[in-house]
Amino acid sequence: MRTIKQPNDAYVYTLGPSHPPIAKVAPGETVQIETIDAFEGRLRTDDDLYSQKCPGPPRANPQTGPIYIEGAVPGDSLLVSILDIEPAEPFAVTALIPEFGGLTGTTQTATLDAPLPEQTRILPIEEGEIRLSETIRLPLDPFVGTIGTAPDLESISSLVPGYWGGNMDCVETRPNSTLWLPVCNEGALFFVGDAHARQGDGEITGVAAEMSARVTVTFSLLKERRIRWPRIETSDYLMTVGSARPLEDAARIAWKELIGWLVDDHGFDSLEAYHLLGLAGEMRLGNMVDPSYSMVAKIAKRWISANRPTGDP
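To convert, take the position in the sequence shown, counting from 1, and add 260; that gives the numbering used here.
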């Protein structure tokens, strides 16, 4: 299995077609991709503060990529099967950053309140757990916070989620899931970074348990299969991701896309699918702190299989 690294640690901070590919991968190939944490390794002790150690936007949220997928052309869908996410170091890091987070004034939602005290916390990873304190240990539950393809025509900050994927902070992009992404450029131009050891819904503080990681994936293509927004599939669920502000618009996008998936692939008409989601649909909050918010709409596959007539495969 090949390992893909960012040459000379020259990580990129935008997703777009202007970056030269760092590697080419054939459909069906499995590779291990090395990523660095969202702080680019600059916060290594509790005394290392973001405002002192990190340059901040626009040089924030470093990505590995782009990776060129052979045969991918606009109108295809890129399927990324996430096989494993392994911490590259024995710790993760979380922080409180001035004017950033869900419960403090920010540059976009300005208030007269003083910023929260700045903090950094190094979180040891031990025996499959993250140590938040001497009394609180949380299970390791790794996923990738930022993952996507290059959007059409333009380069967009890696802090922003959208139809191309990006900084969705969706805990469902974990091992044993397959992420569908739209192909907008020749080669798809795949980026990944911002791995998390775990995260609560919404990434409410603005920061998860950030870690450097080794991400093992297999790429495949669905030819001439255009999708508008990211999709996620597991053995038990179909999921769609919407990103927007306000938050309810992100939810509407995700629900509408999930209805479309049920209609296109699973034999539903749109109103039947609407009723099903109204009664059995689930929703998770990806992030509520980034330039656009992300919501994940879900439906359990057991309700989809119940829709198939007897004798259907």
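Where is the CB? At the ideal position from N, CA and C, for every residue including glycine. It should be emphasised that the depicted structure is a prediction, and the values quoted were computed from it without experimental measurement.
Host alpha helix (DSSP H) of residue i (start-end)
i, result
"G520", "L507 to H526"
"G538", "S530 to A540"
"Y310", "Y310 to K313"
8 Å contact criterion, which residue i and residue j should meet: CB distance rounded
i, j, result
"S417", "P358", "Not a contact, Cβ separation roughly 19 Å."
"L419", "N321", "5 Å"
"K483", "D336", "5 Å"
"L449", "G331", "Incorrect: roughly 13 Å between the Cβ atoms, too far for contact."
Between the CA atoms of residue j and residue i - distance to the nearest angstrom
i, j, result
"G316", "L383", "22 Å"
"M555", "A514", "7 Å"
"I385", "H535", "43 Å"
"N268", "E542", "43 Å"
"D509", "G408", "21 Å"
"T570", "I564", "For T570, the pLDDT reaches just 46, beneath the cut-off of 50, and the residue's location in the model is therefore unreliable, although a value from the coordinates is still provided. If you take the alpha carbons of T570 and I564, they lie about 13 Å apart."
"T494", "L372", "45 Å"
"K516", "D529", "13 Å"
"P300", "I559", "Here residue 300 is Glu; the residue named in the question, Pro, does not match the sequence. When rounded, the distance between both Cα atoms is 36 Å."
"W489", "I264", "26 Å"
"T433", "A370", "32 Å"
"A566", "K313", "54 Å"
"V291", "E378", "38 Å"
"P350", "T305", "13 Å"
"V333", "I342", "22 Å"
Residue i - containing beta strand (DSSP E), residue span
i, result
"L441", "S437 to P442"
"Y553", "Y553 to A560"
"H456", "F450 to H456"
"A473", "A473 to L482"
"M499", "Y497 to A504"
"Q379", "Q379 to E386"
Closest residue to residue i among the options (Cα-Cα distance)
i, options, result
"G405", "L398, E470, E394 and I396", "E470"
"L398", "A374, A457, T367 and P377", "A457"
"F451", "V467, V333, K558 and G426", "G426"
"R262", "K483, T305, V475 and G527", "V475"
"W440", "P375, I487 and T366", "I487"
"L309", "T354, P347 and I296", "T354"
"L522", "I342, D461, R491 and T295", "R491"
"A574", "I519, T478, R485 and A455", "The chain is shown from 261 up to 573; residue 574 falls before or after that span and cannot be answered."
"G302", "G388, F360 and A352", "As written in the sequence, residue 302 is Arg, which differs from the Gly given in the question. Among G388, F360 and A352, the Cα nearest to that of R302 is on A352."
"P277", "G325, I293 and L376", "G325"
"W424", "A298, N445 and L507", "N445"
"I282", "I464, D297, S472 and G447", "G447"
"I327", "N436, R505 and L338", "L338"
Exposure of residue i, with buried meaning 16 or more beta-carbon neighbours within 10 Å
i, result
"D524", "exposed"
"K284", "exposed"
"G460", "exposed"
"G422", "buried"
"P442", "buried"
"D429", "buried"
"S393", "exposed"
Residue-level contact to chain D via CB, residue i, 8 Å cutoff
i, result
"K558", "Structure shown: chain D not included; a single protein chain is present."
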